[in-house]
Amino acid sequence: MREAIPGNAFNHPDYLEPLNSEQRRAVLHTGKPLLILAGAGSGKTRVITTKIAWLIREQGMDPRSILAVTFTNKAAREMAERARSIDPRAADAMLRTFHSFGAWFLRRNGSLCGLDSAFVIYDDDDVISLLSSVMENAPKAEVKHWAHKISRAKDYFLSPDDPDLAVIDHNKKFRSIYKRYEERMAQIGNVDFGDLIKKPVEILRTQPETAQRFRQRFSVIMVDEYQDANVAQFQLLKELCGAETYVCVVGDDDQSIYRFRGAEVKNILEFPDRFSGADVIRLEQNYRSTTPILKAASSVVDYNHGRLGKTLRAEKGDGPLPVLTYLPDQDEETALCADIIGNSVKKEETTWSDWAVLYRTNAQSAGFETMFLRRAIPYRVVGSLKFYEREEIKDALALLSFLVNPRDEVAFRRVVNKPTRGVGGVTVDKIVEEAISNSGNLMETGSSIECSQKARKGLDEFFKAIKDAKALLDDTAAENKPKKKKGKKAPAKKQQELKSGEGLSVCIEQILIDSGIAEYHKTQDEFSGNSKLSNLQELLNSASEYSNDYEGLLKFLEDIELDRSMREEADKQNNLQNSVTLITFHNTKGLEFSHVIMTGLEQGVFPREDKKDDELEEERRLFYVGATRAMDKLYLTTCAERRIFGRTMQMEPSLFLREIDRSCLQIENSAEAGSRAKSMFRQPIAGRSFNPLNLQSAANTEVEERAGWRRGQRLFHEDHGYGAVFEVKDSDDGPIVRVRFDNGSEKRFLPEIQGRAYEKVEEDY
DNA sequence: TAGTTTTAAGTTTTT
DNA sequence: CTTAAAACTA
45 MREAIPGNAF
55 NHPDYLEPLN
65 SEQRRAVLHT
75 GKPLLILAGA
85 GSGKTRVITT
95 KIAWLIREQG
105 MDPRSILAVT
115 FTNKAAREMA
125 ERARSIDPRA
135 ADAMLRTFHS
145 FGAWFLRRNG
155 SLCGLDSAFV
165 IYDDDDVISL
175 LSSVMENAPK
185 AEVKHWAHKI
195 SRAKDYFLSP
205 DDPDLAVIDH
215 NKKFRSIYKR
225 YEERMAQIGN
235 VDFGDLIKKP
245 VEILRTQPET
255 AQRFRQRFSV
265 IMVDEYQDAN
275 VAQFQLLKEL
285 CGAETYVCVV
295 GDDDQSIYRF
305 RGAEVKNILE
315 FPDRFSGADV
325 IRLEQNYRST
335 TPILKAASSV
345 VDYNHGRLGK
355 TLRAEKGDGP
365 LPVLTYLPDQ
375 DEETALCADI
385 IGNSVKKEET
395 TWSDWAVLYR
405 TNAQSAGFET
415 MFLRRAIPYR
425 VVGSLKFYER
435 EEIKDALALL
445 SFLVNPRDEV
455 AFRRVVNKPT
465 RGVGGVTVDK
475 IVEEAISNSG
485 NLMETGSSIE
495 CSQKARKGLD
505 EFFKAIKDAK
515 ALLDDTAAEN
525 KPKKKKGKKA
535 PAKKQQELKS
545 GEGLSVCIEQ
555 ILIDSGIAEY
565 HKTQDEFSGN
575 SKLSNLQELL
585 NSASEYSNDY
595 EGLLKFLEDI
605 ELDRSMREEA
615 DKQNNLQNSV
625 TLITFHNTKG
635 LEFSHVIMTG
645 LEQGVFPRED
655 KKDDELEEER
665 RLFYVGATRA
675 MDKLYLTTCA
685 ERRIFGRTMQ
695 MEPSLFLREI
705 DRSCLQIENS
715 AEAGSRAKSM
725 FRQPIAGRSF
735 NPLNLQSAAN
745 TEVEERAGWR
755 RGQRLFHEDH
765 GYGAVFEVKD
775 SDDGPIVRVR
785 FDNGSEKRFL
795 PEIQGRAYEK
805 VEEDY
């Protein structure tokens, strides 16, 4: 937020001061294509953001003609913020992910390939639903297989009629499956992730005027994490670059970890050939880690072949050696992590947020979560935020998708009969079939089709809910109280209803209530003690920032589809900002932590089983990425046995542990670690403990006695952690105990039935 | 046909 | 062990 500094020396404005000579060369470079080989922690983001500012200030470049592409939304946001802090005008530059750029492009130019601008983006689950509808009654596993192949084909810019399609799969069936899928998708008028890249390229190739327009619009194009670009993305870059375009890509071949989804390291290796006359600048000064950490990481990736090769120098110099601990099993592993972290924080050497625990697969997070809950260590799980994959959220999004696009078969099938309104599979199939041979509009077809009386009533009810919500959007004067219609089913229970705030949440609230989805999930909650309704509420909250119109809704859906990390707000609300990070190796890219623990270093887990040759090299790079996240201290753990599928397996230490240079590794034996792991360490979370007794309670002994729980009783639950009882009351099913957990969530349970899951604990543990 | 119970299957990594 | 698909019952 600083004001622009007038350069005190013309050639060296202040903001170039912190740069080393290589970084400065990269910033000041012009005239030819540029490849920046940026090692881990070498300040590449600083280079890109400074370059953007420099282009605007010193080169007089119009910010709007600068396009910078990243691979994650987080990276895009960070880049925008940092560039803006050097020069506020950078706010007008276009900083997006490849996919969000593609969506932006298609909203404006989609009509050139027959795509309506109001398309919805299908995620992998939606793709599978659509494909299984195309493939009649194929087993789900097979559908998944082909869905993956189709996605892969799009990564390589291959259409169903491409002669090279056999590169993806030589099975003859593939071509026809892919083709039918594309036809069906075209009828529906939606797109998948691959389309967001592939379709723009097709438009740019077949429409020279459009291509020309965009080449004039962007005179500078920069690509971050270029080693992760796939073939289609490379083509997109090529099409956007005219003779005059200045192109600059930044990447690190040692950090290419997305081959499985089509990333081509070749893109970076061959950049100088593909963009003739390109210059190459290497950034080898590392500002993040200590020498032993870098050395340990490099010694592993050195085993790879075909690298561009580079030598990182640690600005920080020497530091403590990485510590490797051999452990008997995964329970000891989670306990050790809790110990190391807990002891360090207790001694005030670190705070919770200095720590990250890394694992290869999301499934491994469960053990750490349980242990951290038990030891009252605050944590947040990055990535596997399955928020948007939850049933209730997908239901809500399906309703909205159908509202936007009444040809959306996948959304229609999902919610037309939820809650059940007598519209069964037979009727649905009939509608879809009929629609395919007509306009494709399922709403129109469904309104006029012949069907049972029961189905007719149900359909009308469903369509009315959609139409009413739609009317809310079209109506500019949305202020005219869109109050909830007297919920006819809801016997007005005093339980928390959905509350709309402002903006788009008004419309979404209405559709959730009218469609019966809110009521449906509320009932589910009461039965099984979930919190689906509050998840829906959370969705509503995030919608309130969007405008209550068509455009706002489209933006909302797009943001959700393309940016599943946008829940940082929720983390903040839940006091999770100072907490240990649990994260997969893949998700750590671009992040850094003072202290890092790399877990599960066993053959079969990491590297994963039957990985060899190219794939093994990718695992090695993944190891390298993980290790180079650590700024000050690195820990590694490996277990002698591990439970997989509930069966206990004997494990071998990871190949990578043998490859690490022995001179930069301190090895601890399991016996010592084991005894340490057993010492219980429990520390309450400062300021997070909730005690309702402070609220002074009237005597309520009778019910409390029958329930066996009293207000203020502290307790522990395996899934939710620590909390306290704040209410005990009667109901038809006997006493109900209401609990508020330290993480802010509220639960209720019937002591007779679910009481076993709640363990009473003393006030000060 | 809706909801429940039984059986089988499966775990990379993500825009 | 946990989840999803298939089978079964009311």
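Read left to right, the first sequence gives residues 45 to 809 (the working numbering).
Don't be surprised by glycine CBs; every beta carbon is placed ideally from N, CA and C.
Quick caveat: nothing in here was measured; it's all calculated off a predicted structure.
Check whether the region 377-388 and the region 697-709 touch, using three or more Cβ-Cβ pairs below 8 Å as the test. no
Using a Cβ distance threshold of 8 Å, determine whether the region 431-439 contacts the region 656-664, with at least three qualifying pairs required. no
Which of the three DSSP states, helix, strand or coil, is assigned to T335? helix
To the nearest angstrom, how far is the alpha carbon of M138 from that of R261? 11 Å
Contact between the region 225-242 and the region 174-191 (3+ Cβ pairs under 8 Å): yes
Is DSSP giving D317 helix, strand or coil here? helix
Short check: CB of P463 to CB of Y564, under 8 Å? yes
Any chance you could list the alpha helix (DSSP H) runs of at least 4 consecutive residues sitting entirely within the region 646-688, in chain order? 658-671
Looking only at its chain, what residues have a beta carbon closer than 7 Å to the beta carbon of F145, apart from the 5 residues adjacent to it on each side? V113
Is it buried or exposed for Q103, if we count other Cβ within 10 angstroms and need 16 for buried? exposed
Between the alpha carbons of K310 and E66, how many angstroms are there, rounded? 24 Å
Tell me the DSSP secondary structure of N631 in three-state form. helix
I need the straight-line Cα distance from V454 to A124, nearest angstrom please. 35 Å
Under a three-way DSSP split, which group does W753 fall into? coil
Span separating the alpha-carbon of S775 from that of D763: 25 Å
First and last residue of the beta strand (DSSP E) that includes V781? 780-785
Out of L666, F637, E646, which one is the CA nearest neighbour of R673? F637
Could you give the DSSP three-state label for A358: helix, strand or coil? strand
Can you tell me where the beta strand (DSSP E) with G765 in it begins and where it stops? 765-773
What are the residues that DSSP puts in a beta bridge with C292? L78, M266
Spatial neighbours of T489 within its chain, please: CB distance less than 7 Å, with the 5 preceding and 5 following residues excluded, ordered by chain position. I475, E478, A479, N482
Proximity of S397 and Q256 at Cβ, strictly below 8 Å: no
Contact under 8 Å by Cβ, S578 with R424: no
With 16 other CB atoms within 10 Å as the buried threshold, where does A536 fall? Low local confidence applies: a pLDDT of 36 at A536 is under 50, so the model's placement there is unreliable, with the coordinate-based value given in what follows. The residue in question, A536, is exposed, as its Cβ has fewer than 16 Cβ neighbours within 10 Å.
Exposure of M695, with buried meaning 16 or more beta-carbon neighbours within 10 Å: buried
Can you tell me which of the three DSSP states Q694 falls into? strand
Bounding residues of the beta strand (DSSP E) (the contiguous stretch that carries L139): 138-141
Could you check what DSSP says for L60 in three-state terms: helix, strand or coil? helix
Selection from S195, I561, E328, Q554 that minimises the alpha carbon distance to K514: Q554
Can you tell me the Cβ-Cβ gap for I110 and I96, rounded? I've got them flagged as a contact below 8 Å. 6 Å
Three-state secondary structure (DSSP) at S220? helix
Could you tell me which uninterrupted alpha helix (DSSP H) segments, each at least 4 residues in length, are contained entirely in the region 460-524, listed from first to last along the chain? 469-480, 486-492, 497-518
When DSSP builds the beta bridges, which residues end up paired with K791? V783
The beta strand (DSSP E) spanning Q408 covers which residue range? Run containing Q408: none; DSSP gives neither H nor E here.
Per DSSP, A639 is paired with what? A small fix is needed here, since residue 639 is His in this sequence, not Ala. Looking at the DSSP assignment, H639 forms a beta bridge with W399, K677.
When we look at the beta-carbon of E803 and count the other beta-carbons within 10 Å, is it buried (16 or more) or exposed? exposed
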